[in-house]
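Notes for the one structure printed next.
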Amino acid sequence: MFDLPGIVAEQRLDVYTTLKAGGRAEYFYSARTRSEMANSAILAQENGVVQTILGWGSNVLPSDNGVVGLVTLNQAAEIECDQSGFVEVDSGAGFQDLFLKCAQAGLGGFEFAVGIPGTVGGALVSNAGAYRNNVSAFLIEIEVVENGIREWRTPEFMKFEYRDSVLRQIDAPQIVLLAVRFQLESRKRKDIYDDARDYQRQRIGKQPPSASCGSFFKNVVDHDLAQRIEGLSDGMRAAGVIPAGF
Ligand SMILES: Cc1cc2nc3c(=O)[nH]c(=O)nc-3n(C[C@H](O)[C@H](O)[C@H](O)COP(=O)(O)OP(=O)(O)OC[C@H]3O[C@@H](n4cnc5c(N)ncnc54)[C@H](O)[C@@H]3O)c2cc1C
């Protein structure tokens, strides 16, 4: 393994997942800043070491046999936003912290993020969302490391779909997401908090408080089928979304 101060061998990963389960990382590194994230990614890619990024561990189950290579815990969490609606955030920032910071600045868009545990990086990988919203809707640019090169890119390379992106595929490229730029719209703070509270109330009724990794099933997106299914709400029918429970 290459020389990276702070790197440790055989680190338990169960403590870093919301399921509280899973094996050990062969090598483990905790990155506290965007530069540390970038540095670990460049080193891993230049040395041909398989690297797995861990955010809040709310959508992963590490193998009991362990995870080979380097697991990097992403704790880089700076968030900056201005009155024009421009937001730049480290990929390790909490998705809900991003909502709060934007709401305080009177910027709407991420109301649906309330109650979705995880980092902004993790949210991008699965194009996280709720109530028919997706994190990818507000993206302008993503800073990445690929092939040892650090650069800003437009979002097309992520091939976003419903709760999916290129980084969830079996043969996903080794790309580390470092930071994200979003463009949001100004909105009355009261309206932002009212919507967020409403979403939170709906979630409290459905979400178990114990160890979990969220939904195991994706809703079905099929416009034709949605017209034929009885009992679907008008909103769901119009969006062509059938909840997995149906
Ligand atoms: C109680 C509960 C409720 C949930 N509700 C929702 C919901 O309503 N909607 C929804 O969409 N999801 C939901 N989820 C799933 C989960 O919260 C999201 O997928 C979340 O965005 C994952 O973020 P994370 O930081 O925990 O990612 P992790 O679980 O740490 O990682 C997920 C994947 O992304 C990769 N990854 C993470 N960060 C990076 C990075 N910077 N660069 C490259 N790859 C990276 C990891 O290697 C891993 O493959 C829920 C989960 C729980 C436990």
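Counting from 28, one number per residue, gives the positions in the sequence shown under our numbering.
Even for Gly, the Cβ is constructed at its ideal location relative to N, Cα and C.
Only a predicted model underlies this, so the values are computations on that prediction, with no experimental measurement involved.
Original post:
Any idea what DSSP makes of D117, helix, strand or coil?
Top reply: In the sequence shown, the residue the question calls residue 117 occupies position 90. Looking at D117 - three-state DSSP - the assignment turns out to be strand.
**OP:** Compare the C-alpha of V162 against each of F184, D191, V171 and R177 and name the closest.
**Re:** For the purposes of this step, residue 162 is taken as residue 135 along the sequence shown, with counting starting at 1. Ranking the options by Cα distance to V162, first place goes to D191.
**OP:** Check each candidate in E63, L46, D221 and D249 and name the one with the smallest Cα separation from A103.
**Re:** Residue mapping note: residue 103 aligns to position 76 of the sequence shown, counting from 1. The shortest Cα separation from A103 among E63, L46, D221 and D249 belongs to E63.
**OP:** Could you tell me if the beta carbon of P200 falls within a distance shorter than 7 Å of some heavy atom in ligand 1?
**Re:** Counting from 1 along the sequence shown, the entry for residue 200 is found at position 173. Not a single heavy atom of ligand 1 lies less than 7 Å from the C-beta of P200.
Subject >> Distance CB(L204)-CB(G136) smaller than 8 Å >> reply: Numbered from 1 along the sequence shown, position 177 holds the residue referred to as residue 204. Numbered from 1 along the sequence shown, position 109 holds the residue referred to as residue 136. Taking the C-beta atoms as reference points, G136 is found no nearer than 8 Å to L204.
**OP:** Compare the Cα-Cα distances from I143 to each of A132, L134, Q131 and L125 and report the closest residue.
**Re:** Looking up residue 143 in the sequence shown gives position 116. Nearest C-alpha to I143: L125.
Subject >> Euclidean distance between Cα positions of G175 and G258 >> reply: In the sequence shown, counting from the first residue as 1, residue 175 sits at position 148. In the sequence shown, counting from the first residue as 1, residue 258 sits at position 231. Going from the Cα of G175 to the Cα of G258 covers about 51 Å.
**OP:** State yes or no: is the C-beta of R216 within less than 8 Å of the C-beta of A150?
**Re:** Walking along the sequence shown from the start, residue 216 turns up at place 189. Walking along the sequence shown from the start, residue 150 turns up at place 123. The criterion of a C-beta distance shorter than 8 Å is not satisfied by R216 and A150.
Original post:
Where do the ends of the beta strand (DSSP E) carrying C108 lie?
Top reply: Locating residue 108 in the sequence shown gives position 81, counting from the first residue. First-last of the beta strand (DSSP E) with C108: I106 to C108.
Subject >> Sheet register partners of Y54 (DSSP bridge) >> reply: Taking the sequence shown and counting its residues from 1, the one referred to as residue 54 is at position 27. DSSP, once it has assigned bridges, lists A36 and L97 as partnering Y54.
Subject >> Spatially closest choice to A206 from D222, W179 and L81, by CA coordinates >> reply: If you number the sequence shown from 1, residue 206 lands on position 179. Of the listed residues, the one whose Cα sits closest to A206 is W179.
Subject >> Ranges of the alpha helix (DSSP H) found wholly within the segment 116-197, counting only runs of at least 4 >> reply: Scanning the segment 116-197 for uninterrupted alpha helix (DSSP H) segments of 4 residues or longer gives 122-131 and 147-152, listed from N- to C-terminal end.
Original post:
So what does DSSP say about R216, is it helix, strand or coil?
Top reply: As a working mapping, residue 216 is identified with position 189 in the sequence shown. The three-state reading of DSSP puts R216 in helix, counting H, G and I together.
Original post:
Should Q38 go down as buried or exposed, given a rule of 16 or more other Cβ atoms within 10 Å for buried?
Top reply: Here the question's residue 38 lines up with position 11 in the sequence shown. Its Cβ being crowded by 16 or more others within 10 Å, Q38 is buried.
**OP:** List the whole-angstrom C-beta distance separating G267 from H250, where the pair is believed to meet the contact cut-off of C-beta under 8 Å.
**Re:** For the purposes of this step, residue 267 is taken as residue 240 along the sequence shown, with counting starting at 1. For the purposes of this step, residue 250 is taken as residue 223 along the sequence shown, with counting starting at 1. Confirmed, about 4 Å.
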